[in-house]
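Student: So that we are looking at the same thing, I have put the structure below in structure tokens.
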Amino acid sequence: FKCGNVWTCDHCARDRVAQARSWIRAALIPALEAHHLRAAMMTFTMAHSYDGNWTESIDRLHNAYKLFDMYMARRCKAIGSRGKLKGLEAPVGTNGIHGHFHVLVTYAAGVDMSAFEAVARREWEKAVQQVGGECNERGFDLKLNAMADYLAKQHIGHELRSSGTKEARKKGLSLVQLLDRAARGDKKSSAEWLRAIEALQGRRRFHAGDIASKFNTVQIVFLKP
Numbered sequence: 331f332k333c334g335n336v337w338t339c340d341h342c343a344r345d346r347v348a349q350a351r352s353w354i355r356a357a358l359i360p361a362l363e364a365h366h367l368r369a370a371m372m373t374f375t376m377a378h379s380y381d382g383n384w385t386e387s388i389d390r391l392h393n394a395y396k397l398f399d400m401y402m403a404r405r406c407k408a409i410g411s412r413g414k415l416k417g418l419e420a421p422v423g424t425n426g427i428h429g430h431f432h433v434l435v436t437y438a439a440g441v442d443m444s445a446f447e448a449v450a451r452r453e454w455e456k457a458v459q460q461v462g463g464e465c466n467e468r469g470f471d472l473k474l475n476a477m478a479d480y481l482a483k484q485h486i487g488h489e490l491r492s493s494g495t496k497e498a499r500k501k502g503l504s505l506v507q508l509l510d511r512a513a514r515g516d517k518k519s520s521a522e523w524l525r526a527i528e529a530l531q532g533r534r535r536f537h538a539g540d541i542a543s544k545f546n547t548v549q550i551v552f553l554k555p
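Following this line, the structure appears as structure tokens:
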């Protein structure tokens, strides 16, 4: 039996990440190579606080990204992009829920991405302001030729934080870690888990739009709600 809830069930979350990684390796990477495309990883986040409204924080993140995606449509077309793969991470730390997107954007080989990066940073900051949020210079980041980095982020999100190492703790606690602590009587972790689940329920873990159909690759389960 699989419940399919990627936020409340660690087994289904790991299964979904494994599906995503398999699709990227088996279908997306060969498709990019065949079309002479590269992939950059964009990271999006904004300011958040422990005492703030966590649901509102996640809503603002999504609303800001929708605006950004609209503003950057022509820019993405200009770099030869054939689509994007978006993943949502949301560990809980001392500043509350840290919602952030890792977005893999495709672009044509040989394109100078410096102008795209400058515009993307400006448009993200504008979108954040329009939804009532705040971000600093770390609110946006872009790494070129980042397929390996994107795959590693999925590993970090669901393996490293579960390891209990010092590096893992710096990145905040995963939902399953909070639930485990709650089961052992930690009332603070219990309250944090409930707040996080309320903020995340109904949100997709991954979203790829029509990138699969553009490359004629199989669109597997993880791309669905």
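In terms of the working numbering, the sequence shown opens at residue 331 and continues consecutively. For each residue, glycine too, the CB sits at the ideal point set by N, CA and C.
#1: Suppose you measure from the CA of M402 to the CA of A370; what does that come to, to the nearest Å?
#2: Output the distance between the C-alpha atoms of Q531 and R405, rounded to the nearest integer angstrom.
#3: Tell me the rounded alpha-carbon separation between A482 and L358.
#4: In chain order, what residues of the same chain lie with their CB nearer than 8 Å to the CB of C333, ignoring the 5 residues before and after it?
#5: Could you spell out the range, first to last residue, of the beta strand (DSSP E) harbouring K416?
#6: Which residues mark the beginning and the end of the alpha helix (DSSP H) in which A403 is found?
#7: At the level of alpha carbons, what is the spacing between W523 and F545?
#8: Decide if P360 is buried, meaning its Cβ has at least 16 other Cβ atoms within 10 Å, or exposed.
#9: Mind checking who L503 pairs with in its DSSP beta bridge?
#10: Which residues in the same chain have their Cβ closer than 7 Å to the Cβ of H430, if we skip the five residues on either side of it in sequence?
#11: Measuring only the C-alpha atoms, how far is G463 from I427?
#12: Leaving out five residues on either side along the sequence, give the residues of the same chain with a beta carbon under 7 Å from the beta carbon of A439.
#13: Going by DSSP, name the residue or residues bridged to K473.
#14: Consult DSSP for V433 and reduce its assignment to one of helix, strand or coil.
#15: Kindly indicate which residue of D540, R535 and S387 has the alpha-carbon position closest to the one of R351.
#16: Measure the beta-carbon distance from V435 to K414 and round it to whole angstroms, keeping in mind my assumption that it falls under 8 Å.
#17: For A513 and A450, what's the separation of their Cα atoms in angstroms?
#18: With C-beta atoms as the reference, is A521 less than 8 Å away from S387?
#19: Can you list, in chain order, the residues of its chain with a C-beta nearer than 7 Å to that of V336? Leave out the 5 residues immediately preceding and following it.
#20: Looking at the secondary structure, which residues open and close the alpha helix (DSSP H) in which V458 lies?
Tutor: So, to answer that:
#1: 15 Å
#2: 32 Å
#3: 16 Å
#4: C339 and C342
#5: K414 to E419
#6: A403 to A408
#7: 38 Å
#8: exposed
#9: V422
#10: T373, F374, T375 and E419
#11: 15 Å
#12: H366, L367 and R368
#13: M371
#14: strand
#15: R535
#16: 5 Å
#17: 43 Å
#18: no
#19: C342, A343, R346 and R535
#20: S444 to Q460
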